[in-house]
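S.K.:
There are 2 protein chains.
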Amino acid sequence: MSETSFTVEILPDRIKVRAKAGENLADILARAGIPLSLYCHERGICGKCAVRILSGALPFPAAQEAALIEGRGLGPDHRLACLYEVRGDVVLETLPGSRLERIAVIESGASPMAFIDPAVRKLPLVLEKPSLYSPTAIADSLRAALRSPRLILPLGALSKLGGSPALAPARPIIAVLYDDVEVLDIESEEGGGEIFGLAVDLGTSTVAAELVDLRTGKVVDRTAAVNAQNAYGADVVSRITFAFENPDNLRRLKHAAVQLINDMAGTMSRRSGVARHRIYDAVVAGNTAMNHILCGVAVDSLALAPFHAVFSALPALPASEIGLALHPQARVYCAPNIKSFVGGDITAGLVASEFTAQPGTSLYIDLGTNGEIVLKKGRDFVTTSTAAGPAFEGMNISCGMLAIAGAIHRAGWDNGFKFGTIDDLPPQGVCGTGLVDILATAVARGLLGRDGRIVGPEKRLRLTDRLALTQQDVRDVQLAVAAVRSGVRLLLREFRISVADLDRVVVAGAFGSSLDIANAVSLGLLPNLPEGKTVFIGNASLAGARLMLLARPARAAAEDLAARISHISLATRPDFQDEFIRGLEFAPYPEEQP
Amino acid sequence: MSETSFTVEILPDRIKVRAKAGENLADILARAGIPLSLYCHERGICGKCAVRILSGALPFPAAQEAALIEGRGLGPDHRLACLYEVRGDVVLETLPGSRLERIAVIESGASPMAFIDPAVRKLPLVLEKPSLYSPTAIADSLRAALRSPRLILPLGALSKLGGSPALAPARPIIAVLYDDVEVLDIESEEGGGEIFGLAVDLGTSTVAAELVDLRTGKVVDRTAAVNAQNAYGADVVSRITFAFENPDNLRRLKHAAVQLINDMAGTMSRRSGVARHRIYDAVVAGNTAMNHILCGVAVDSLALAPFHAVFSALPALPASEIGLALHPQARVYCAPNIKSFVGGDITAGLVASEFTAQPGTSLYIDLGTNGEIVLKKGRDFVTTSTAAGPAFEGMNISCGMLAIAGAIHRAGWDNGFKFGTIDDLPPQGVCGTGLVDILATAVARGLLGRDGRIVGPEKRLRLTDRLALTQQDVRDVQLAVAAVRSGVRLLLREFRISVADLDRVVVAGAFGSSLDIANAVSLGLLPNLPEGKTVFIGNASLAGARLMLLARPARAAAEDLAARISHISLATRPDFQDEFIRGLEFAPYPEEQP
Ligand code: FES
Ligand code: FES
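Order-wise, the sequence lines are chains A and B. When we follow this note's numbering, the leftmost residue of the first sequence carries the number 1, and every step to the right adds one. When we follow this note's numbering, the leftmost residue of the second sequence carries the number 1001, and every step to the right adds one.
#1: Is the CB of Q577 (chain A) under 8 Å away from at least one CB in chain B?
#2: Considering only their Cβ atoms, is the gap separating I1261 (chain B) from V1200 (chain B) smaller than 8 Å?
#3: What whole-angstrom Cβ distance do I138 (chain A) and S1301 (chain B) have, given they're in contact under 8 Å?
#4: Any contact between the segment 465-474 of chain A and the segment 333-341 of chain A? By contact I mean 3 or more CB pairs, one from each, below 8 Å.
#5: Is it right to say Q229 (chain A) is buried, meaning 16 or more other beta carbons lie within 10 angstroms of its own, or is it exposed?
#6: Taking the C-alpha atoms as reference points, what is the distance between A1208 (chain B) and L1542 (chain B)?
#7: Check whether the Cβ of Y39 (chain A) lies closer than 7 Å to any heavy atom of ligand 1, and answer yes or no.
#8: If we count the other Cβ atoms within 10 Å of its Cβ and call it buried at 16 or more, is M1113 (chain B) buried or exposed?
#9: Quick one: is S148 (chain A) near chain B, going by C-beta distance under 8 Å?
#10: Can you give me the start and stop residues for the beta strand (DSSP E) that K160 (chain A) sits inside?
#11: To the nearest angstrom, report how far apart G434 (chain A) and V521 (chain A) are at their CA atoms.
#12: Do V1499 (chain B) and T1534 (chain B) come within 8 Å of each other at the CB atom, strictly closer than that value?
#13: Using a Cβ-Cβ cut-off of 8 Å, state whether I53 (chain A) counts as contacting chain B.
#14: To be precise: take each residue of the segment 1430-1444 of chain B, compare its Cβ to all Cβ atoms of chain A, and keep it if any distance is under 8 Å. Which residues remain?
#15: Any beta-carbon of chain A closer than 8 Å to the one on A1309 (chain B)?
#16: Would you identify the three-state DSSP class for K254 (chain A), choosing helix, strand or coil?
#17: Leaving out the 5 sequence neighbours to the left and right, which residues in its chain are closer than 6 Å to G1389 (chain B) when beta-carbon positions are compared?
#18: Report the CB separation of I116 (chain A) from F196 (chain A) in whole angstroms; it is logged as a contact under 8 Å.
#19: Can you tell which of A:L198, A:I45, A:L36, A:A104 has the C-alpha that lies nearest to the C-alpha of L148 (chain A)?
#20: Using a C-beta to C-beta distance shorter than 7 Å, which residues of chain A count as neighbours of G1163 (chain B)?
#21: Measuring from the CB of I45 (chain A), is there a heavy atom of ligand 1 at a distance below 7 Å?
#22: What residue range is occupied by the uninterrupted alpha helix (DSSP H) comprising G22 (chain A)?
#23: Exposed or buried, which one is N1246 (chain B) when buried takes at least 16 other CB atoms within 10 Å?
#24: Taking CB distances under 8 Å as the criterion, tell me whether I28 (chain A) reaches chain B.
#25: Residues in its own chain within less than 6 Å of D1345 (chain B) by CB, not counting five upstream and five downstream?
#26: Would you mind working out which of B:D1140, B:A1348, B:L1155 sits nearest D1366 (chain B), comparing C-alpha positions?
#27: As a quick exercise: from A:L95, A:T223, A:V220, A:L253, pick the residue whose alpha carbon is nearest that of D235 (chain A).
#28: DSSP three-state label for V1474 (chain B), please.
#29: Taking the runs of the alpha helix (DSSP H) that are 4 residues or longer, which of them lie wholly in the segment 344-378 of chain A?
#30: From what residue to what residue does the alpha helix (DSSP H) around V1236 (chain B) run?
#31: For A145 (chain A), count the other beta carbons within 10 Å of its own beta carbon; 16 or more makes it buried, fewer makes it exposed. Which is it?
#32: Contact criterion: CB-CB distance below 8 Å. Does E321 (chain A) meet it with respect to chain B?
#33: For T572 (chain A), which of helix, strand or coil comes out of DSSP?
#34: Please confirm whether any heavy atom of ligand 2 lies closer than 7 Å to the CB of L1080 (chain B).
#35: Report the residue from A:F60, A:A545, A:A468, A:V342 whose alpha carbon sits nearest the alpha carbon of A563 (chain A).
#36: Please classify T1421 (chain B) as buried or exposed, where buried requires at least 16 other C-beta atoms within 10 Å of its C-beta.
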C-alpha cells in the first residue's frame, strides 16, 4: 500500500474507502456513493456540506468556514467537506441535512429517483465593506464573495447592488444564482429562501402544470386546462397552417399559450400562497410545433414540405422574453426536440421514465395527439410519430373529456357497463383510459364487432342515461389504434425484432390515471407482453418537465438523447399503408414477426 | 536544417519565413507580420484569405473552397490561406484585398494605427437543402454551415430561419455574427453587406457621436450636442443626488441620455442615408456616473460615501435593453470604468492614444469636467480625478460655448485681441482652448494678474462688442487649472518623479480642435516639457469608442488596463489642500520636485 493513500470511514453507513493524499472529502464521499448537497458548488460559502470529523486531522478553519459551522450550530469538530483535504486516515459522520436528496420522478409505474439539483440556488452573503482605500466596484466584491470571477450580472441585479438596501453595512444579501454563473437577482434577507419552479406539459389538446418547491422537490400544486389554442384549430396541422397564413396569427397562437400558462401559474400561486415572483425557473415540454409557437418562432418550415423544425434544443431563455409573468428575471427551458419531428414532450417523458438508462430492448409509446413511439435496442434509438389524433385525450369524441374529475376512466361489465370515475364523481364524460376499457368490454360482450361496427340497430353504445358512444367515436379510436400499432410494428421491423424480444413497454399519456393493460392489448393498441412488463406511467411529459426543473443533469441527458435518436418518417415508408389497414381491427397484435 | 521545415516566400514583399510541416499558411503570414483579413475566423467560408500560390503544392480544393475562389473570379492557382497546410517550399502572393487593414485612430497628435477587427461580421451562406430523410433542424444546418457548434441563436434569428424567405431552396442568406458566437440576424441578400456602428462619447456636459462604417473604418458622419441631462443638474454630483432622490429620477436621467443618443443617431442616419437598422453595434465611453445612469443602474452607491461604483466592466448588452433604437438585435458596449472612480471615457482615451504601449514615463490628462489624470511609469499606472469643473467645456462661463462652429478656439494679440473661430464663422462665444489662449494672452499683456484678478475698473476682459469674460469666469478657470495641476503634482509625488522625468504628456479633451501648449504651460495648466513632448489629441474618448467599435482587442485592452490601474483619492491625501492653494496662480509649474 502506498504511503500517500489513506482510509476514510463514513458513518453512520460504516463504508470505508481509500483516498489519495490531498483528495477532497466531498469528492471522496461522492465516489463512495454518498454525494453531499454541494449547494454552493464547493465554493465553501453555503456550509451545507459540513461533516463531523470523529477521528483525523482538524486543521484550523478559515474565518468564513468557522462562521458557517458556527452559524449552523455545529461544534468545533465539524468541517466543510468541500474544503477538507485528506492528509491521513479519517473517520467522519455525515449530518442528516448534508446528503444530496433524491426524489421520485413518477408516482405510478416506473419510479426512478433523481438527485435534487435545480438550476436556481440562493446564497446568503455579506459583501466586503467598501472603503475609500479599496475602490473595488461592488460587482467585483460580489464576484469575490461568490468566488466566481466569471459571474454574469444582468443590469437588473446590478441595479439592486447599487441601490441603498444592498449598501447597508454588513447587511446580508441573498444572491439568486442561475446555473451557477448568472445572478438573477439580489434579494434582502426578508425575501427568505423560497425558490419555486413551474413545470408545464404544453400539449396540443391539454395543458398541465405543476408548481414545484425547488428546495424539496415537492409538488405544491397542479392544474390542467384545455389548450386555449384550440380556438385556432383542434390539431397541430391546422394551427401550423393558421400561423403560416400571417405573422399576426403566429402571435395570436403564442399569446393564447402564454396567457394560459400565466393564468395557470396565477391560479396555483393564489391557491398555494406562493408569490409569482418566487417562481424563478420554468420548464416547458411540448411538441415541436407547440414549443416553436410558444417561443414565437415562425413555423413556415413546419408548414411546408419537407417539414423541418427550426431548432431542436434551446438554451434557457428569459421568461420575460417568452412573456411568462414569473420572477422578472426567471428563466424558461424548453425540453429539446428530437430532430425535426418528435417534440420535447417525448424527450421529457423519456428522461422521466429513465428509458435510456434501462438495459435491453424497450418500447416507449406516448398516447398523445401524435402517438409518438420510441424503440430502444441496446444503445440504439429509433423514433417515429403517428397521426393518432386526439381521441385518447377525449377530443373529437362526442362524450369525450379530459382525464379530470368526473371522467369515466375505468369500465367493466356486471349485467351492463360499470364505471369508475375520477374522484368518484357522477360520470360527466369519458377520458382515454375509459374509452379503452369500454371498447374492449364492448368487443368482448359482442356489442362491437372486431371491425369496429356497432352491433344492433341503434348504432350507439349506450353508457348511461346521458352518455353514449357513436359509430363515429368508435371509428376515431379505431384509426388511432391502427396508427399506433402500425408505427410500433414498423419500428420493430426497422430493428428486425419481434414483440417477444421486447423487455419492456412504457406507456405514457395524460389520458387517465391508470390504464388497463389487458384491455389495451385486446384492442391491439399495445403489444402483448408477459405480465408486469408493460407499465403505464401517466403524464410523463409533465414528470419530465418537473425532473428537468429539479435536476439539471436531466436537461443534458435530454439534449444528448435528442441528438442521438434516429427518426423514421412513416410517410416515406412504402409498407406503412398496408400495415395501417391491417391494424384497423380490434384484435391483439398478430403473432408473426413484423 | 530539419527535414520538416520549409521556406515560405511572400510576394510582393519578398519576405521569406521558415515554416514547420503542416503549419497553416494564415498563421505563417501573421507570424511574418503580414496578417490576412481572416474575416470568417479561419472557417473557410468567407474566401477573404485567398492567396495565389506561385510555386508549391496545389492540393485539390474541396467543393466549398473551389466555389469561393471561383466566386471571387480567381484562377485555379489560388487557395484559401486558412485551409492551406504547408508540406513543402511555397512562394505565394497576397491579393490586394486580402490583407488585414489598418486605420488611424486619432487624426491629430499621436496617430496609432489599429487593425480593423469589428465585433459584427456578415457571412453569406447557402444552407444545406432539407429533406425528409435528413431531419436536421434548420438551426443545426446553420451551425454546420458556419462551422460553429456552439453558435448562439436568439429567438429573433431563429424566427427568421423559420420564415419563408429563408426556406427558398438554394437562396443565399446572410448571417450577421456578433463576436463570432452569436447570430444577431438572418438577412436576405437584398440587405447587402452594410455594417455600421455608433461611437458615443457620453460626456457630462456634451455628447459627441460618430457613425462608423465597420467594413472600412471610415467615419461617415459625426455630431455633438449639449447633454440633455443638464436639465437635471449641470455636474455629475448634482445628477447623482437627483437620481438618488427617487428611482423615477434615475429613469428620467437615463431617458434623457438615451433619447439624445437616439436623436443623434437619427440625425446622422438621415444625413448619411444609412438606415438605422444597419447600425449593429455601439460603444459608449462615459464617466462612471454616466454609464451607470445610461444602463439604468442605481447610483446610490455613488451618492453615499465611500462612493463606490456598482460595476467596472460590462459585457456587450442588447442595445434594446438600454433603449437605443438601432438594429433590433444591436449590441452596446460600455467602455470599462477604472475601479470606482475613473470612468470609461478615460479608458477609451487611454487605448486610443496607445498610452499603455508607449515606453517610459507618460502623463495623460483629460481636461473634461472631472479632470482625470493618469501617470504611467514603466508597467505601473496610477490615476486620480480632480474636480476641475466644466469650465474647459465652456460651461459656467458667461460667454462660454462648446467647441463647435463659431466658437473662439484660438486667440492672440495684435493691437488688441485677435481671434480664430471654428469654421471661421463670426465669434459666438469662447470654447476651452480659446479660454486658455485668452487668459494666457491677458496675463502676458498685463490685463490679468497672476493671482487671477482682472486689472482695471471694468472687472471684465472685453473680447468683442458682444463678448467679454467676467471676474467670475476667470475664477472658474483658475480653480480648474489649480485642480489639474495639484492632481498632476500629487501623482508625480506618488511615483517619486519630477516633471523632468516625463517622456511625454498627452492632453485629451473635447474643448477645442487644437490647444496652444505654450499658453497652457504659461498658465500652469500643463507641465513644461521640451518642444514636441506634449501632444493634444482632442476628443480621445470618442476616438477610443470608435477604436473599440472597430477593433475588438481594444476592448480587452481597456478591461485589462481598468483592472490594473491603481487609484489615488485626492480627498484622502492630507497634502492636497496645500498643493491646491499653491496652484491658484497663473504661472508655470514650480521647478522643485513635487
Ligand atoms: S458545498 Fe457549499 S460549503 Fe461546501
Ligand atoms: S478566413 Fe475566411 S475563408 Fe479563410
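In this text, a Cβ means the ideal position worked out from N, Cα and C, and glycines have one as well. All figures in this text were calculated on a predicted structure; none of them were measured in a lab.
M.R.: The answer reads as follows:
#1: The residue you call residue 577 (chain A) lines up with position 577 of the first sequence. Q577 (chain A) does not count as touching chain B.
#2: Working through the second sequence from its first residue, we reach residue 1200 (chain B) at position 200. Working through the second sequence from its first residue, we reach residue 1261 (chain B) at position 261. Yes; because the gap between Cβ atoms is below 8 Å, this pair is in contact.
#3: By one-based count along the first sequence, residue 138 (chain A) stands at place 138. By one-based count along the second sequence, residue 1301 (chain B) stands at place 301. So it is a contact: roughly 6 Å between Cβ atoms.
#4: Contact between the segment 465-474 of chain A and the segment 333-341 of chain A is absent, because fewer than three Cβ pairs lie under 8 Å.
#5: Taking the first residue of the first sequence as position 1, residue 229 (chain A) is located at position 229. Buried is the call here.
#6: On the second sequence, residue 1208 (chain B) is found 208 positions in, with the first residue counted as 1. On the second sequence, residue 1542 (chain B) is found 542 positions in, with the first residue counted as 1. Distance between the alpha carbons of A1208 (chain B) and L1542 (chain B) is about 7 Å.
#7: One-based indexing of the first sequence puts residue 39 (chain A) at position 39. Remark: the shortest separation between the CB of Y39 (chain A) and any heavy atom of ligand 1 falls under 7 Å.
#8: The count along the second sequence starts at 1 and reaches residue 1113 (chain B) at position 113. Result: exposed.
#9: Start at 1 with the first residue of the first sequence, and residue 148 (chain A) comes out as number 148. Contact of S148 (chain A) with chain B is not assigned, every C-beta pair being separated by 8 Å or more.
#10: Numbered from its first residue, the first sequence carries residue 160 (chain A) at position 160. Counting along the chain, K160 (chain A) falls outside any beta strand (DSSP E), though it belongs to the alpha helix (DSSP H) covering 155-162.
#11: Against the first sequence, residue 434 (chain A) aligns to sequence position 434. Against the first sequence, residue 521 (chain A) aligns to sequence position 521. Rounded to the nearest angstrom, the two C-alpha atoms are 14 Å apart.
#12: Counted from its first residue, the second sequence places residue 1534 (chain B) at position 534. Counted from its first residue, the second sequence places residue 1499 (chain B) at position 499. The criterion of a C-beta distance shorter than 8 Å is not satisfied by T1534 (chain B) and V1499 (chain B).
#13: As a working note, residue 53 (chain A) is residue 53 in the first sequence. With 8 Å as the cut-off, I53 (chain A) does not count as an interface residue toward chain B.
#14: Going along the segment 1430-1444 of chain B in chain order, one finds no residue with a Cβ nearer than 8 Å to chain A.
#15: Along the second sequence, read from residue 1 onward, the residue named residue 1309 (chain B) stands at position 309. Contacts with chain A at 8 Å (Cβ-Cβ) include A1309 (chain B).
#16: Counting from one through the first sequence, the residue named residue 254 (chain A) turns up at place 254. Under the three-state reduction of DSSP output, K254 (chain A) falls in the helix class.
#17: The residue given as residue 1389 (chain B) occupies position 389 in the second sequence. Cβ-Cβ distances below 6 Å link G1389 (chain B) to A1480 in the same chain, with the five nearest sequence neighbours on each side left out; the list follows chain order.
#18: In the first sequence, residue 116 (chain A) corresponds to position 116, counting from 1. In the first sequence, residue 196 (chain A) corresponds to position 196, counting from 1. No, I116 (chain A) and F196 (chain A) are not in contact; Cβ-Cβ is about 14 Å, not under 8 Å.
#19: As a first step, residue 148 (chain A) is located in the first sequence; it is residue number 148 there, counting from the start. Per the sequence shown, the amino acid found at residue 148 (chain A) is Ser instead of Leu. Measuring from the Cα of S148 (chain A), the nearest candidate turns out to be A:I45.
#20: The residue labelled residue 1163 (chain B) in the question sits at position 163 within the second sequence. Neighbourhood of G1163 (chain B) in chain A, by CB distance below 7 Å: A298, D300, in chain order.
#21: The count along the first sequence starts at 1 and reaches residue 45 (chain A) at position 45. Result yes, Cβ under 7 Å from ligand 1.
#22: Translated into positions along the first sequence, residue 22 (chain A) becomes position 22. First-last for G22 (chain A): undefined, no H or E at that position.
#23: As a position in the second sequence, residue 1246 (chain B) is number 246, starting the count at 1. N1246 (chain B) comes out exposed.
#24: One-based indexing of the first sequence puts residue 28 (chain A) at position 28. Not an interface residue.
#25: In the second sequence, the residue the question calls residue 1345 (chain B) occupies position 345. So the list reads A1285, G1286, N1287, S1541, once near-sequence residues are dropped.
#26: By one-based count along the second sequence, residue 1366 (chain B) stands at place 366. Ranking B:D1140, B:A1348, B:L1155 by Cα distance to D1366 (chain B) puts B:A1348 first.
#27: Within the first sequence, the letter at position 235 stands for residue 235 (chain A). Looking at the Cα atoms, A:L253 is the closest of the given residues.
#28: By one-based count along the second sequence, residue 1474 (chain B) stands at place 474. Helix, per DSSP.
#29: At a cut-off of 4 residues, the continuous stretches assigned as alpha helix (DSSP H) that sit fully inside the segment 344-378 of chain A are 344-352.
#30: Indexing the second sequence from 1 puts residue 1236 (chain B) at position 236. Judged by DSSP secondary structure, V1236 (chain B) falls within the alpha helix (DSSP H) whose first and last residues are 1236-1245.
#31: The sequence position of residue 145 (chain A) within the first sequence is 145, counting from 1. Buried, since its Cβ has 16 or more Cβ neighbours within 10 Å.
#32: In the first sequence, residue 321 (chain A) corresponds to position 321, counting from 1. Yes, E321 (chain A) lies at the interface with chain B (some Cβ there is under 8 Å from its Cβ).
#33: Position 572 of the first sequence, counted from the start, is the residue given in the question as residue 572 (chain A). In the structure shown, T572 (chain A) adopts helical secondary structure according to DSSP, grouped into three states.
#34: Residue 1080 (chain B) sits at position 80 when you count from the first residue of the second sequence. With a cutoff of 7 Å, L1080 (chain B) counts as near ligand 2, since its C-beta is closer than that to a heavy atom of the ligand.
#35: Taking the first residue of the first sequence as 1, we reach residue 563 (chain A) at position 563. When only C-alpha atoms are compared, the closest one is A:V342.
#36: Residue mapping note: residue 1421 (chain B) aligns to position 421 of the second sequence, counting from 1. Taking all protein chains shown into account, T1421 (chain B) has 16 or more neighbouring C-beta atoms within 10 Å of its C-beta and is therefore buried.
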